[in-house]
Every structure is written in C-alpha cells, then in structure tokens.
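Student: Below you will find the structure I want to go over with you.
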Amino acid sequence: MRRIKIIILVVVSLITSFLTISSIPVHASVLDDMVNGVKNIFSPEQKELKIDSNITLSPDGDINKNGEIDAGDIVRFTYTIINKTDKAYSYSTVKTGIDRKQLNFIHNVEGATGILDDDKTLIFPNVRINPNEQQIISFDARLNYAQENKTITTEPEFIGSDKNSIIKSVKKEIVSKKLGAEEIRKRIEKGGMILNVKNK
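If you count the sequence shown from 1, you need to add 118 to reach this note's numbering.
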C-alpha cells in the first residue's frame with residue numbers, strides 16, 4: 119500500500135511539473151481528478167454486493183408527537199441492496215434479523231414481492247437484483263408496548279438461491295422508550311394494541 123502511494127505521488131508530481139513547464143495553469147480540482155484517476159488505476163473500485171439498513175420513525179408514526187421513539191410508535195425499516203458485480207441474483211432472500219416478538223401491525227411493504235414471518239424474524243423471499251443495480255426494500259411496523267426500554271435491532275443478511283449467505287451487514291439499532299400503564303391504557307382506548315402489560 120505504501121509503494122502504491124509513493125507511485126501515485128511520483129506520477130502526479132511528474133504531471134504537475136510537465137504542466138508547469140508548459141505554462142498551463144494547474145487548478146486544485148484538476149490535481150484532485152488526476153490523483154483519483156491514478157488511484158483507480160492502482161486500486162480499482164471493488165465489484166461487490168452490499169446491503170445496508172436504517173430504522174426511523176415512519177411518517178405520522180410518532181404517536182405522542184414528541185420526536186422520540188416510544189413503545190407503540192410506528193417505525194420504518196429500510197434495506198438498501200447495491201449490486202456492483204456483473205452477476206444477477208435471483209430467488210435470493212433477505213433475512214432481517216429482527217426479533218419478531220418486538221413488532222406488530224406490519225404493513226406498507228415496498229420493493230419486495232412479500233414478507234414472511236417464521237415466528238423468529240422477518241424475511242423477504244424471491245429477491246432479484248440485476249448487475250449494477252440498486253434495490254430498496256422497506257416496511258412499517260408498530261413497536262410492541264412495554265413498561266421497560268427495549269432495544270430493537272436489525273442485522274440484514276443476503277442469502278443466495280443456494281441458501282448460502284453472501285453478505286451480512288452491520289447491526290443497526292434503536293431504543294424504544296417505555297410507557298407507563300396509564301399511558302398504555304390511553305392508547306388502547308384510541309385503538310392501539312397491547313402485549314404483556316403489567317400493573318405497577
């Protein structure tokens with residue numbers, strides 16, 4: 119790696135010297151382009167499959183309108199798949215790694231043919247992505263009511279048609295803040311759902 123950096127510096131230095139001798143003005147942006155061009159020659163961009171995730175409040179999902187994620191709020195899980203390879207992937211699966219018991223009212227599934235529930239986590243089956251293509255999959259879900267803070271995580275994994283894991287992303291998480299029994303009852307009266315609520 120150090121040899122590559124030295125070679126890049128030498129090449130850029132020679133080009134700059136030539137342009138200076140030739141009385142051609144050299145701008146910083148031109149030098150940046152030259153450096154990036156030389157870098158791409160020696161360290162070309164890797165052609166790989168990537169998957170990333172994000173968890174946010176869904177539009178109108180903040181029930182208390184307090185800007186925080188509380189139990190009973192609706193959140194949006196988003197998965198971005200980027201295929202920089204020359205290979206098309208068909209009949210693949212995206213496994214979310216979410217604890218299914220922490221969610222209910224799953225809806226607004228976008229970018230996928232469907233979503234499966236295996237009682238442990240949520241799975242997107244029959245995922246297809248072509249070479250040099252990006253695909254975004256998302257869904258909304260309500261966080262189960264609780265009287266203690268809960269950490270909700272997702273660690274997506276892209277699985278090929280041969281059932282072998284191809285790539286796994288880093289874990290993303292949010293904390294769902296607890297609600298008191300009285301607040302939970304108020305939400306139930308407005309049509310909310312409740313699971314395992316204990317009186318204090």
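For every residue, glycine included, the Cβ atom is placed at its ideal position computed from N, Cα and C.
Computed from a predicted structure; not experimentally measured.
Hey, how far is the Cα of D191 from the Cα of K165?
Tutor: Looking at the two C-alpha atoms, the distance is approximately 39 Å.
Student: Can you round the beta-carbon distance between R194 and N222 to whole angstroms, since I take them to be within the 8 Å contact cut?
Tutor: With a Cβ gap of about 15 Å, R194 and N222 do not count as contacting.
Student: Ignore the nearest five residues each way along the sequence and tell me which others in T231's own chain have a CB closer than 6 Å to its CB.
Tutor: Around T231: N244.
Student: Got a sec? Which residues, its chain only, sit under 8 Å from D237 by beta carbon, not counting five neighbours each side?
Tutor: Result list for D237: R218, in chain order.
Student: Apply the 10 Å Cβ neighbour rule to L234 and answer buried if 16 or more other Cβ atoms are within range, or exposed otherwise.
Tutor: Per the 10 Å Cβ criterion, exposed.
Student: Identify whether Q220 lies in helix, strand or coil by the three-state DSSP scheme.
Tutor: Note: Q220 maps to helix in three-state DSSP.
Student: If you compare alpha carbons, which of I187, T214, I292, K183 is closest to I276?
Tutor: Checking the sequence, you will find Phe at residue 276 rather than Ile. Nearest option by C-alpha distance: T214.
Student: How about the region 281 to 296 and the region 248 to 258: do they share at least three Cβ pairs that are nearer than 8 Å?
Tutor: These segments do not touch.
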